[in-house]
Amino acid sequence: MTEDLSPAERYQASRLRAAEQATALGPFREMYDFALDPYQIEACKALEGGKGVLVAAPTGSGKTIVGEFAVHLALEQGRKCFYTTPIKALSNQKFADLVRRYGSDKVGLLTGDNSVNADAPVVVMTTEVLRNMLYAGSQALNGLGYVVMDEVHYLSDRFRGAVWEEVIIHLPESVTLVSLSATVSNAEEFGDWLDTVRGDTEVIVSEQRPVPLWQHVLAGRRMYDLFEEETDHGGRGTGRREVNPDLVRLARMENQRGYNPRERRRGKMVREADRERERRQRSRIWTPSRPEVIDRLDAEGLLPAITFIFSRAACEAAVQQCLHAGLRLNDDDSRRTVREIVEERTASIPSEDLHVLGYYEWLEGLERGIAAHHAGMLPRFKEIVEELFVRGLVKAVFATETLALGINMPARSVVLEKLVKWNGEQHADITPGEYTQLTGRAGRRGIDVEGHAVVLWQRGMDPGALAGLAGTRTYPLRSSFRPSYNMAVNLVHQFGRHRSRELLETSFAQFQADRSVVGISRQVQRNEEGLEGYREGMTCHLGDFEEYARLRRDLKDRETELAKQGASQRRAAAAASLEKLKPGDVIHVPTGKFAGLALVLDPGLPAGRTNGHGHRGMEYHDGPRPLVLTAERQVKRLASIDFPVPVEAVERMRVPKSFNPRSPQSRRDLASALRTKAGHIVPDRHRRGRAPAADDREIARLRAELRAHPCHGCDEREDHARWAERYHRLQRDTRQLERRIEGRTNTIARTFDRIVALLTELDYLRGSEVTEHGKRLARLYGELDLLASECLRAGVWEGLNAAELAACVSALVYEARQADDAVAPKLPSGPARTALGEMVRIWGRLDSLEEDFKINQAEGVGQREPDLGFAWAVYMWASGRSLDEVLREADMPAGDFVRWCKQVIDVLGQVAAAAPRENSTVARSARKAVDEVLRGVVAYSSLG
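Offset between the sequence shown (1-based) and this note's numbering: plus 1174.
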């Protein structure tokens, strides 16, 4: 390339290289054996220039390079850098990466239950750990220069997202923030907020995938491209994104292939050629089985692949299906390597536990290059799968969507079995953002020329809708920030009540709410200008027309109200008359399609009601619906709409027991008898009584005031009235907009005020002073922070042994994946059962108090009911029972058991720190409970 440059250009290029070598970026670039992307260079230069950065880029595009440059800058400047991640597995992975690059003496790790070299200049941690440090005023914050927030889009998470905003708001001003995010559609909005709360922040957005992505649909034996070839397959695209017409035809053909009874009746008339064509079409369209998919990808050279299945059990079943189908993706050398790695990584696990954990079946899959990956697996097992996959020794992984969240496991191909998943409440279509996140794993940078996303054909699939998913980049970042009790006492302790309120007003949640108000405010301003014009139009030289118009509206409203009351009374009278009907009554149906003479066959009373003669009718929710035979031989069930006025029997006749409403002859005979019996009777015309408005004093008063008003005699009265009506409608609309503005403005601060009021009621706060109870609450983090504090305050856990306390604490953290109210959970007997019952009672009292203070759990604020479903399992484990016995009793996957145990350990540590120091056994029991729970699979489930 340099030969093509002129001497002047070569001189200029050499000067630029020399200038870059004088910066921190030059040496940093030489640490990598590949060239940095333009967006990475731009972000690094902004960082070195002293700016904060927000980098939004697709999964796998290398945005963590920017975070590593922050680490490089901190070490070069002799300052600290904290690298935060949303999950422990990511923390462990990044810790290992940084240790390899900078050495174990310079890098530490802090997660909820592990501390490795915590005083190092570079510390990798979960975001919650940093939040707790900020509230505690930790000495570790001294000298902190940079904070990297990896996967910062987690602040949308409705359960944990608030933690990210707390950190961003409370970090010292001297700290430079590096925010790394997936591609979001409102990065500029998020950047504007960061600019507001953190100072000068550069927003760098890259939507170009480092490896182009091809989208496919696998139907039967054929792999269809989702888009036509002229599409650019790597990013948003400048080419046309037309759906493959072959796929559209396939969908149309399948829809026309449904069962048609008329075709069936044609019998021999269906030509042989038609049947043959249908058979060929049918043979082309089916959803391939899981082994067929892997076999096809292997044949096409598209392995390694991750197949996303939104069910843990289905992931395990998929592995078994592949094993039973005889799939083998590894040769003998690879099998031996897999066995050596697995045996080395699991050497510390006792053989009896390995048997319980399904180790041998799992190992067989690994040796063949096939594995599952989901949250129900033992963390050690998951990490082994990840390591083997990255090394190319596992080539097919069946995973739940949790794998898409940050774990570094890129593949050549990603397969989606379905585009519908269970969201905890219902089966819902996946969003474009979720589709982008899942397929973002396809294509390994530096290894694959292109990545492949494969969606399996499903009956009823709409290729156009799939193309919309694949072609849309709408993944807006929405704040889930809500104040909590712990947050409130910590803020008031550090900043006082007034300053705390101001700080919360700077949250991204309030920033977004305020921005949404801007458009509404502009509309209010336009409406107010319009109101001024309407006011001029209705001005009358004789008097105050606005007052006159108000009298007209009041009169109209009163007349409407009385008319509604009259209609309601008539409906009630009609319904009451229908309830009196009996089988054999002859009536005249007053109106409707079946107006005229009719014989009541069944009064149609609602279920559970009788007409005094023991007859029970069918269940209806809109009053009686009598079944009648009309004089025209029709049997119909009438509704209340057919009876606008009361009805009464004009005659009686017997309904034969042999009467069959489905028999035309029966209907003809009974209808003839009906006409003979009552055909001559002329129905009484229902006369309406005097209208209520005629005698209403309020209407009389309003009419008198109208006639006496000066504007009543104006020649242009009706013109003024039209302007007045427009004025009234616009004024009503404007008030609604103003209420919406009021509802969105200061929402976070108002919630904070309600929380502070409740905490004041419970003596956690006195004005801006935090009481001793409040200081205890400040050390308790978690969804049920206030409940834990109240339990300590009431001495509920005093005298409990370690296992009993672990059982009680589990109720603060555990949440069943699916609510099962039908079966009461098994509980330990004795003091633990009594304490758990007392915890539920305290929660009931807090729940009532929250209702009084208008603290709404539906809005993400407040204390949910404690879940006792894990108490028995953790009690058994802390009592020394075997893993086999505990898992059988708990009916829970090992991975879930370990995860909940670690959360129990985390809260036990908080309880030990917050418990009273004098005359209390809780702190000692909590520390002992940590030791009792942290054993076996819980202890050897790796660093995180």
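Even for Gly, the Cβ is constructed at its ideal location relative to N, Cα and C. None of these values were measured; they are calculated from a predicted model.
Proximal residues to residue i (C-beta, below 6 Å), its chain only, five neighbours per side dropped
i, result
"Q1684", "I1922"
"S1840", "F1833 and N1834"
"A1220", "V1227 and E1376"
"Y1320", "A1244, A1248, C1255 and T1350"
"W1367", "F1682 and F1685"
Local conformation of residue i per DSSP, three classes
i, result
"E1591", "coil"
"T1613", "helix"
"K2102", "helix"
"D1759", "strand"
"C1714", "strand"
"N1291", "coil"
"M2013", "helix"
"S2091", "Reading off the sequence, residue 2091 comes out as Arg, not Ser. In the structure shown, R2091 sits in coil (DSSP, three-state: anything other than H, G, I, E or B)."
"M1299", "strand"
"T1804", "strand"
"R1826", "strand"
"E1964", "helix"
"L1775", "strand"
"T2119", "Because the chain here runs from 1175 to 2118, residue 2119 falls outside it and cannot be looked at."
"G1770", "strand"
C-beta neighbour in chain C for residue i, strict 8 Å
i, result
"R1652", "Any reference to chain C falls outside this structure, which holds one protein chain only."
Where residue i falls, given that 16 or more other Cβ within 10 Å makes a residue buried
i, result
"T1713", "exposed"
"G1236", "buried"
"Q1686", "buried"
"D1776", "buried"
"K2028", "exposed"
"Q1910", "exposed"
"M1155", "Because the chain here runs from 1175 to 2118, residue 1155 falls outside it and cannot be looked at."
"E1339", "buried"
"R1333", "The residue asked about is misnamed: residue 1333 is Phe in this sequence, not Arg. Its Cβ having fewer than 16 others within 10 Å, F1333 is exposed."
"T1605", "exposed"
"S1690", "exposed"
"Q1313", "exposed"
"G1539", "buried"
Cα-Cα separation, residue i to residue j
i, j, result
"L1848", "T1734", "42 Å"
"A1639", "L1421", "12 Å"
"D1207", "V1623", "18 Å"
"L2001", "V2081", "20 Å"
"L2108", "N1288", "12 Å"
"D2105", "R2098", "11 Å"
"H1390", "H1626", "7 Å"
"L1880", "D1816", "39 Å"
"R1565", "R1615", "16 Å"
"L1315", "L1665", "18 Å"
"A2045", "S1984", "6 Å"
"V1303", "N1418", "49 Å"
"P1657", "R1673", "14 Å"
"F1768", "L1812", "8 Å"
Spatial neighbours of residue i in its chain, beta-carbon cut-off 7 Å, leaving aside the 5 residues before and after
i, result
"P1181", "none"
"V2014", "P2040"
"Q2031", "R2038"
"G1973", "P2005 and T2095"
"L1210", "R1203 and I1239"
Beta-bridge pairing of residue i - partner residues as DSSP gives them
i, result
"N1316", "BP columns for N1316 are empty, so no partner."
"D1399", "H1390"
"H1547", "A1573"
"M1323", "T1258 and S1353"
"V1530", "Bridge partners of V1530: none, in fact."
"A1492", "None, per the DSSP bridge assignment."
"D2026", "In DSSP, D2026 forms no bridge with anything."
"I1922", "Bridge partners of I1922: none, in fact."
Residues near residue i in its chain [Cβ-Cβ closer than 8 Å; skip 5 each side]
i, result
"Q1495", "S1463, R1464 and P1465"
"N1504", "V1512, E1541, R1542, G1543, L1567 and K1569"
"D1870", "R1732 and L1736"
"M1827", "G1758, V1760, L1773, A1847, L1848, K1851 and A1852"
Closer than 7 Å: residue i CB and nearest the ligand PLP heavy atom
i, result
"N1975", "The ligand content of the structure shown is nil, which means the ligand PLP is not present either."
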